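Chemist: Sequential numbering of the sequence shown, starting at 1, is according to the UniProt record's numbering.
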Amino acid sequence: MHNRMMITGAGSGLGREIALRWARDGWQLALSDVNEAGLAETLKMVREAGGDGFTMRCDVRDYSQLIAFAQACEEKLGGIDVVVNNAGVASGGFFDELSLEDWDWQIAINLMGVVKGCKAFLPLVQKSKGKIINIASMAALMQAPGMSNYNVAKAGVVALSESLMVELRQAEVGVHVVCPSFFQTNLLDSFRGPTPNVKAQIGKLLESSPITAADIADYIHQQVAKGEFMILPHEEGRMAWKVKQQNPQAIYDEMALLAEKKRAKSKAV
1 MHNRMMITGA GSGLGREIAL RWARDGWQLA LSDVNEAGLA ETLKMVREAG
51 GDGFTMRCDV RDYSQLIAFA QACEEKLGGI DVVVNNAGVA SGGFFDELSL
101 EDWDWQIAIN LMGVVKGCKA FLPLVQKSKG KIINIASMAA LMQAPGMSNY
151 NVAKAGVVAL SESLMVELRQ AEVGVHVVCP SFFQTNLLDS FRGPTPNVKA
201 QIGKLLESSP ITAADIADYI HQQVAKGEFM ILPHEEGRMA WKVKQQNPQA
251 IYDEMALLAE KKRAKSKAV
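1) Less than 6 Å between C-beta atoms, sequence neighbours within five positions excluded: which residues of the same chain meet that for A87?
2) Relative to the C-alpha of S163, which candidate in V175, N85 and I107 has its C-alpha closest?
3) Could you tell me the boundaries of the alpha helix (DSSP H) in which H234 lies?
4) So, helix, strand or coil for K131, using DSSP?
5) For T55, report the span of its beta strand (DSSP E) as first-last.
6) Which residues does DSSP pair with G93 in a beta bridge?
7) Could you pull out every residue in the same chain whose Cβ sits closer than 6 Å to the Cβ of D102, ignoring the five residues on either side in sequence?
8) Rounding to the nearest angstrom, what Cα-Cα distance links M255 and F69 in this structure?
9) Would you mind sorting R263 into buried or exposed? The rule is 16 or more other CB atoms within 10 Å of its CB.
10) Less than 8 Å between the beta carbons of V89 and I107, yes or no?
11) By the 10 Å Cβ neighbour count, where 16 or more other Cβ atoms means buried, how is R57 classified, buried or exposed?
12) Jot down the residue ranges of each uninterrupted beta strand (DSSP E) in the region 58-117, minimum 3 residues, whole runs only, in chain order.
13) Suppose contacts are defined by Cβ-Cβ distances below 8 Å. Is N151 in contact with G117 by that definition?
14) With 16 other CB atoms within 10 Å as the buried threshold, where does T212 fall?
15) In or out: K226 buried (at least 16 other Cβ within 10 Å) or exposed?
16) Which stretch, first to last residue, makes up the alpha helix (DSSP H) that contains K32?
17) Give the straight-line distance between the Cα atoms of K265 and S128, rounded to the nearest whole angstrom.
18) Output needed for D81: all residues of its chain with C-beta closer than 8 Å, excluding positions within five of it in sequence on either side, in chain order.
19) Determine whether the beta carbon atoms of L29 and L39 lie at a separation below 8 Å.
20) Just to check my reading of the structure: S181 and M230 have Cβ atoms closer than 8 Å, yes? What is that Cβ distance to the nearest angstrom?
21) Tell whether a beta-carbon distance below 8 Å holds between A140 and V158.
Shown next as structure tokens:
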């Protein structure tokens, strides 16, 4: 029975909700984060939800800590069936304002953290013919203005996932990448529907049913079961991505307008 999952960034937010969604199916969870208090809380909630497991403090920037985490999974759970590389940090600022340190920090956690997670856990997931789920962002696909370092790191996660998917097919390891849009309002600003009232309708829809991290975890659960590679949990994200695939320039023009608005706002402050 394949029912052992590892999650980075499990101390809060989406990482915690993914843990709880799989815990409801009775899974064993290996939970890591840099926030130990949050981790302890997640494990408690996991047990209440019908799962079990263990926690381990792990900074995804440090490969040796991920290797130690993989070894703990082998010792305590006998292996791992699903790897969820979820740990990430948000970031913003126009390119001219971002320091190279801002770039290093963002790439080290949001991109290299995922690379290292995949590398440390690959032997286990190959052995179990399991799955890798990498959490990227709609920012990987839409490149909103004022967050280039975040966009680049997350786009790297998508490219990594695509590369792994084709390389690991023969090994029967499934690969998935998730692109949630946590910044729903931004995305809606940049979404040009065929008519203004469509956009207004989508806006109303979002306000009436704001999608939660728990909803996203549910959607991931459902799409992974279907074998879907690119998982876009937000309706407006799916619509925007469709538009971009057909007419990238329309999205670039919207984003350029959004950049003007953002710059004007930051100057007004």
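Even glycine gets a Cβ: it sits at the ideal position worked out from N, Cα and C.
Computed from a predicted structure; not experimentally measured.
Modeler: In brief:
1) Your numbering for residue 87 matches position 87 in the sequence shown. T8, G9, V60 and G113, listed in sequence order.
2) As a working note, residue 163 is residue 163 in the sequence shown. The shortest CA-to-CA distance from S163 to any of V175, N85 and I107 is the one to V175.
3) Residue 234 sits at position 234 when you count from the first residue of the sequence shown. That residue, H234, is in no alpha helix (DSSP H); it is neither H nor E in DSSP.
4) As a working mapping, residue 131 is identified with position 131 in the sequence shown. Annotated three-state conformation of K131 is strand, per DSSP.
5) Looking up residue 55 in the sequence shown gives position 55. Where T55 is concerned, the enclosing beta strand (DSSP E) stretches over D52 to R57.
6) Position 93 of the sequence shown, counting from 1, holds the residue named residue 93. In DSSP, G93 forms a bridge with M147.
7) Taking the sequence shown and counting its residues from 1, one reaches residue 102 at position 102. Excluding sequence neighbours, D102 sits near N149.
8) The residue you call residue 255 lines up with position 255 of the sequence shown. The residue you call residue 69 lines up with position 69 of the sequence shown. Straight through space, the alpha carbons of F69 and M255 are spaced by roughly 40 Å.
9) Within the sequence shown, residue 263 is the residue found at index 263, counting from 1. Exposed.
10) On the sequence shown, residue 89 is found 89 positions in, with the first residue counted as 1. On the sequence shown, residue 107 is found 107 positions in, with the first residue counted as 1. No, these two residues do not count as a Cβ contact at 8 Å.
11) What you label residue 57 is simply residue 57 of the sequence shown in a count that begins at 1. By the 10 Å Cβ count, R57 comes out exposed.
12) Note on the region 58-117: whole beta strand (DSSP E) runs with a minimum of 3 residues are 82-85, in chain order.
13) The residue given as residue 151 occupies position 151 in the sequence shown. The residue given as residue 117 occupies position 117 in the sequence shown. No, the pair does not count as a contact, with Cβ atoms beyond the cut-off.
14) As a working note, residue 212 is residue 212 in the sequence shown. Classification of T212: exposed, given that the 10 Å Cβ count is below 16.
15) Translated into positions along the sequence shown, residue 226 becomes position 226. Around the beta-carbon of K226, fewer than 16 other beta-carbon atoms lie within 10 Å, marking it exposed.
16) The residue labelled residue 32 in the question sits at position 32 within the sequence shown. The question names Lys, but residue 32 is Ser in the sequence shown. No alpha helix (DSSP H) holds S32; the beta strand (DSSP E) holding it covers Q28 to D33.
17) Position 265 of the sequence shown holds residue 265. Position 128 of the sequence shown holds residue 128. If I take the Cα positions, the gap works out to 51 Å.
18) Position 81 of the sequence shown, counted from the first residue, corresponds to residue 81. Here the set comprises H2, N3, R4, M5, V125, S128, G130 and K131.
19) Here residue 29 is taken as the residue at index 29 of the sequence shown, counted from 1. Here residue 39 is taken as the residue at index 39 of the sequence shown, counted from 1. Here L29 is not near L39, since their CB atoms are 8 Å or more apart.
20) The residue you call residue 181 lines up with position 181 of the sequence shown. The residue you call residue 230 lines up with position 230 of the sequence shown. The beta carbons of S181 and M230 sit about 13 Å from each other, so the pair does not count as a contact at 8 Å.
21) The residue given as residue 140 occupies position 140 in the sequence shown. The residue given as residue 158 occupies position 158 in the sequence shown. Their beta carbons are under 8 Å apart, which means A140 touches V158 by this criterion.
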